[in-house]
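*Asks:* Mind looking over this structure? Questions follow.
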Amino acid sequence: MPEGLATTHEASHSALQHHFENMEQQREAGTLGMWVFLVTEIMFFGGLFLAYTIYRYQYPAAFASASNHLDIRLGAINTAVLIVSSFTMAMAVYSTQIGKQRNTIICLILTMILGATFLGIKAVEYHDKYRDNLIPGQLIPGHPFNPVVAKPGDTDPHKLHLVEGATVRNVELFYWIYFAMTGLHALHMIIGLGIMLVLTIMAWRGRFGPEYHAPVEVSGLYWHFVDIIWIFLFPLLYLLGRHLEGHIG
Amino acid sequence: MSEHIVQPRIYIVIFLALIVGTALTVLAAFRDFPGPLNVVVAMTIAVVKATLVVLYFMHVRYSSRLIWLVIGSALFWLAIMFALTISDYWTRTWLPPI
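If you read the protein sequences in the order shown, they are chains A and B. The opening residue of the first sequence carries number 14 in my numbering; numbering runs sequentially from there. The opening residue of the second sequence carries number 328 in my numbering; numbering runs sequentially from there.
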C-alpha cells in the first residue's frame, strides 16, 4: 500500500463511495447534483408560468372570471400548511446534523402529515371544481366542462360569474392551466411523500448521523423547492383575479 | 468548506417571516392598488418569500459559489425564455395586419 493513502481516507465512513475523496466532497457533489436537477425543474415549471402569463395577458376578463371562482380561504390555508411543512423539514435536517435521530423521525413524520393535509385540501378543491362542472375538456370522460353561467344579480357561488368580455371557452383555458400547474405540483408532493417515507425508514434504521445525512439534506432541497412553486402559484392563480374584475366591465 | 449548521432560531425567524408574507399577500389582494401595482405587490412578496426559503431553508446563503452559479444560470435562462416570448406577443399588434 503506497504511503499517504491511509491519511486520505482518514475520515472514512461506511457510506463513503469509492469515487469520492471524503465525506465532505461526497456531500458537496450530492448537493450540486440536486441543484442541477432543481434547475431542470425551474425550467419545466417556468414554461407553465410563461403559458400562464401569456394567457392572462391575452384574456384578462376570462382570467378574472375563472380565478374568482377559486377558494382563496382554502388556498391561503394550504400556503400556510406548506410553509409549516418546510419548517419541519428544515428542523429534520437540523436534527440529523446534530445527531438527534428521534427528533429527525418526528420531524419527518410531521412533514408527511402536513404534506398529506395539503393534498387533502387540494382534493376538496378539485372536488368542488368537479361538482361545478369545471374540469376542462374530457379530462374526466362523460363529465365535460359545462359550468352554469350566472345571470346578472345571481350570487350563487357554484355558478360561473362571467366578467364582461369573458367567454366560457376562454374560462376553460384557465382551468387547463390551473389543473396542469396545481396537478403537477400535487404530483411533486406525492413523490415528496414517498421520499419522506423512505427517509423515515432509513432514519429508523439509524443510517444517518452528523457525518452522513446527505439524503435528508437533498430531499429537503426538493421539498422546499415544491414549497416555492406553491408560493408563486397561490397569488398568481387565486389572488390576482380579484383586481381585474374592477377594471374590466 | 465544512458544513454550516443553521440554528433553529434562524429557521423560526424565517418561518414567521413567511407566514407574515402570506398574510400580507392575502390582505393586499383585498385592496386595489392603481394600475399594474397589484401584480407588482403580489410578485414582490412572492419573490421575497422564495428568496428567504432559498437562502435559509435551502442553505444557499452558506453554500459554495458553484451553487450560486447554478441557480444564477437557471434564473438567467428563465429570463431569456420569458423575455423572448413576451417580446413576441407584446409587439404583435404593433404592425398593421397584412
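Where a beta carbon is used, it is the ideal one built from N, C-alpha and C, also for glycine. Just so you know, these numbers come straight off a predicted model, no measurement behind them.
For E177 (chain A), does the count of other Cβ atoms within 10 angstroms reach 16, so buried, or fall short, so exposed?
*Replies:* In the first sequence, residue 177 (chain A) corresponds to position 164, counting from 1. Counting Cβ neighbours within 10 Å, E177 (chain A) comes out exposed, since fewer than 16 surround it.
*Asks:* If we cut at 8 Å on Cβ distances, does M56 (chain A) have a partner in chain B?
*Replies:* Here residue 56 (chain A) refers to the residue found at position 43 when the first sequence is read from its first residue. With 8 Å as the cut-off, M56 (chain A) counts as an interface residue toward chain B.
*Asks:* Are the C-beta of G59 (chain A) and some C-beta of chain B separated by less than 8 Å?
*Replies:* As a working note, residue 59 (chain A) is residue 46 in the first sequence. Yes, G59 (chain A) counts as interfacial toward chain B.
*Asks:* Out of A:S108, A:T44, A:G88 and A:D167, which one is the CA nearest neighbour of P335 (chain B)?
*Replies:* Along the second sequence, one-based indexing puts residue 335 (chain B) at 8. If we check each option's Cα against that of P335 (chain B), A:S108 comes out closest.
*Asks:* Within 10 angstroms of the Cβ of W217 (chain A), are there 16 or more other Cβ atoms? Answer buried if so, exposed if not.
*Replies:* Looking up residue 217 (chain A) in the first sequence gives position 204. Exposed.
*Asks:* For L29 (chain A), which of helix, strand or coil comes out of DSSP?
*Replies:* Residue numbering aside, residue 29 (chain A) sits at position 16 when the first sequence is read from its first letter. Reduced to three states, the DSSP call for L29 (chain A) is coil.
*Asks:* Scan the region 95-161 of chain A and note each continuous alpha helix (DSSP H) run of 4 residues or more that stays entirely inside, going in chain order.
*Replies:* 114-144
*Asks:* Against chain A, does W421 (chain B) count as a neighbour if the rule is that its beta carbon must be under 8 Å from one of theirs?
*Replies:* Position 94 of the second sequence, counted from the start, is the residue given in the question as residue 421 (chain B). No, no contact with chain A.
*Asks:* For the region 159-179 of chain A and the region 111-120 of chain A, state whether three or more C-beta atom pairs, one from each stretch, are separated by less than 8 Å.
*Replies:* no
*Asks:* Roughly how many angstroms separate the alpha carbons of H174 (chain A) and L382 (chain B), rounded to a whole number?
*Replies:* One-based indexing of the first sequence puts residue 174 (chain A) at position 161. One-based indexing of the second sequence puts residue 382 (chain B) at position 55. In a straight line, the C-alpha of H174 (chain A) is about 41 Å away from that of L382 (chain B).
*Asks:* Out of B:I394, B:V353, B:E330 and B:S400, point me to the one whose CA is closest to S37 (chain A)'s CA.
*Replies:* As a first step, residue 37 (chain A) is located in the first sequence; it is residue number 24 there, counting from the start. The sequence given here has Glu at residue 37 (chain A), not Ser. That would be B:E330, whose Cα lies nearest to the Cα of E37 (chain A).
*Asks:* Sort A:I204, A:A42, A:G219 and A:I111 by Cα distance to F4 (chain A) and report the nearest one.
*Replies:* Nothing about residue 4 (chain A) can be reported from this structure: the residues present for chain A run from 14 to 262 only.
*Asks:* Would you decide whether V229 (chain A) is buried or exposed? Buried here means 16 or more other CB atoms lie within 10 Å of its CB.
*Replies:* What you label residue 229 (chain A) is simply residue 216 of the first sequence in a count that begins at 1. Buried, since its Cβ has 16 or more Cβ neighbours within 10 Å.
*Asks:* Would F403 (chain B) count as contacting chain A if we go by Cβ distances under 8 Å?
*Replies:* In the second sequence, residue 403 (chain B) corresponds to position 76, counting from 1. No, because no Cβ of chain A sits closer than 8 Å to the Cβ of F403 (chain B).
*Asks:* Against chain B, does M202 (chain A) count as a neighbour if the rule is that its beta carbon must be under 8 Å from one of theirs?
*Replies:* As a first step, residue 202 (chain A) is located in the first sequence; it is residue number 189 there, counting from the start. Answer no: the Cβ-Cβ gap between M202 (chain A) and chain B never drops below 8 Å.
*Asks:* What number of angstroms, rounded off, separates the C-alpha of N365 (chain B) from the C-alpha of P424 (chain B)?
*Replies:* Position 38 of the second sequence, counted from the start, is the residue given in the question as residue 365 (chain B). Position 97 of the second sequence, counted from the start, is the residue given in the question as residue 424 (chain B). Those two C-alpha atoms are separated by around 33 Å.
*Asks:* Taking the straight line between their C-alpha atoms, what separation do you get for A369 (chain B) and S27 (chain A)?
*Replies:* As a first step, residue 369 (chain B) is located in the second sequence; it is residue number 42 there, counting from the start. As a first step, residue 27 (chain A) is located in the first sequence; it is residue number 14 there, counting from the start. Our two residues, A369 (chain B) and S27 (chain A), have alpha carbons roughly 48 Å apart in a direct line.
*Asks:* Pair every Cβ in the region 75-91 of chain A with every Cβ in the region 243-258 of chain A, then say whether three or more of these pairs are closer than 8 Å.
*Replies:* yes
*Asks:* Assuming the contact rule is C-beta atoms closer than 8 Å, T92 (chain A) and W236 (chain A) should be a hit. Round their C-beta distance to whole Å, please.
*Replies:* The sequence position of residue 92 (chain A) within the first sequence is 79, counting from 1. The sequence position of residue 236 (chain A) within the first sequence is 223, counting from 1. Between W236 (chain A) and T92 (chain A) the Cβ distance is about 15 Å, and since that is not below 8 Å, they are no contact.
*Asks:* In three-state DSSP terms, what is L173 (chain A)?
*Replies:* Counting from 1 along the first sequence, the entry for residue 173 (chain A) is found at position 160. Looking at L173 (chain A) - three-state DSSP - the assignment turns out to be strand.
*Asks:* To the nearest angstrom, how far is it from the Cα of Y389 (chain B) to the Cα of A410 (chain B)?
*Replies:* Taking the second sequence and counting its residues from 1, one reaches residue 389 (chain B) at position 62. Taking the second sequence and counting its residues from 1, one reaches residue 410 (chain B) at position 83. Distance between the alpha carbons of Y389 (chain B) and A410 (chain B): 31 Å.
*Asks:* Out of A:M194, A:F221 and A:A42, point me to the one whose CA is closest to A105 (chain A)'s CA.
*Replies:* By 1-based counting over the first sequence, the position of residue 105 (chain A) is 92. With distances taken between Cα atoms, A105 (chain A) lies closest to A:F221.
*Asks:* Alpha carbon to alpha carbon, what distance is there between W421 (chain B) and I346 (chain B)?
*Replies:* Locating residue 346 (chain B) in the second sequence gives position 19, where the first residue counts as 1. Locating residue 421 (chain B) in the second sequence gives position 94, where the first residue counts as 1. Roughly 43 Å between the two C-alpha positions.
*Asks:* Does the CB of I261 (chain A) have a neighbour CB from chain B at under 8 Å?
*Replies:* Residue numbering aside, residue 261 (chain A) sits at position 248 when the first sequence is read from its first letter. With a pLDDT of only 45 at I261 (chain A), under 50, the local geometry of the prediction cannot be trusted, and no value is derived from it.
*Asks:* May I ask you to list, following chain order, the residues of the region 374-394 of chain B that have a beta carbon less than 9 Å from some beta carbon of chain A?
*Replies:* Listed by position along the chain: V374, K376, A377, V380, V381, Y383, F384, M385, H386, V387, S390, S391, L393 and I394.
*Asks:* With distances taken Cα to Cα, identify the nearest neighbour of V181 (chain A) among A:Q71, A:A79 and A:Q30.
*Replies:* For the purposes of this step, residue 181 (chain A) is taken as the residue at position 168 of the first sequence. With distances taken between Cα atoms, V181 (chain A) lies closest to A:A79.
*Asks:* Which residues in chain A have a C-beta closer than 8 Å to the C-beta of V340 (chain B)? List them in chain order.
*Replies:* Locating residue 340 (chain B) in the second sequence gives position 13, where the first residue counts as 1. Going along chain A, no residue has its Cβ under 8 Å from V340 (chain B), so there is no contact; the nearest lies around 11 Å.
*Asks:* Give the secondary structure of E185 (chain A) by DSSP, where H, G and I count as helix, E and B as strand, and everything else as coil.
*Replies:* Here residue 185 (chain A) is taken as the residue at index 172 of the first sequence, counted from 1. Helix.
*Asks:* What's the gap between the Cα of F62 (chain A) and the Cα of F100 (chain A)?
*Replies:* Taking the first residue of the first sequence as 1, we reach residue 62 (chain A) at position 49. Taking the first residue of the first sequence as 1, we reach residue 100 (chain A) at position 87. Going from the Cα of F62 (chain A) to the Cα of F100 (chain A) covers about 26 Å.
*Asks:* Got a sec? Which residues, its chain only, sit under 8 Å from M125 (chain A) by beta carbon, not counting five neighbours each side?
*Replies:* Within the first sequence, numbered from 1, the residue matching residue 125 (chain A) stands at position 112. Hits under 8 Å: L206, M209, L210 and T213.
*Asks:* Work out the CA separation of P160 (chain A) and N146 (chain A) for me, nearest whole Å.
*Replies:* The count along the first sequence starts at 1 and reaches residue 146 (chain A) at position 133. The count along the first sequence starts at 1 and reaches residue 160 (chain A) at position 147. C-alpha separation (whole angstroms): 5 Å.
*Asks:* Closer than 8 Å is the cut-off here; do at least three beta carbon pairs connect the region 394-411 of chain B with the region 352-363 of chain B?
*Replies:* Between the region 394-411 of chain B and the region 352-363 of chain B there are fewer than three C-beta pairs closer than 8 Å, too few to call the two in contact.
*Asks:* Run through the region 340-416 of chain B for me and flag every whole alpha helix (DSSP H) of 4 or more residues, listed as ranges in chain order.
*Replies:* Listed in chain order, the complete alpha helix (DSSP H) runs (minimum 4 residues) inside the region 340-416 of chain B are 364-379.
*Asks:* Tell whether a beta-carbon distance below 8 Å holds between I111 (chain A) and I407 (chain B).
*Replies:* As a first step, residue 111 (chain A) is located in the first sequence; it is residue number 98 there, counting from the start. As a first step, residue 407 (chain B) is located in the second sequence; it is residue number 80 there, counting from the start. Contact: no.
*Asks:* From I96 (chain A) to F342 (chain B), what does the alpha carbon distance come to, in whole angstroms?
*Replies:* Counted from its first residue, the first sequence places residue 96 (chain A) at position 83. Counted from its first residue, the second sequence places residue 342 (chain B) at position 15. Taking the straight line joining both Cα atoms gives about 7 Å.
*Asks:* Can you grab the Cα-Cα spacing for the pair P248 (chain A) / V374 (chain B), in whole Å?
*Replies:* Here residue 248 (chain A) refers to the residue found at position 235 of the first sequence. Here residue 374 (chain B) refers to the residue found at position 47 of the second sequence. The alpha-carbon atoms of P248 (chain A) and V374 (chain B) are separated by roughly 11 Å.
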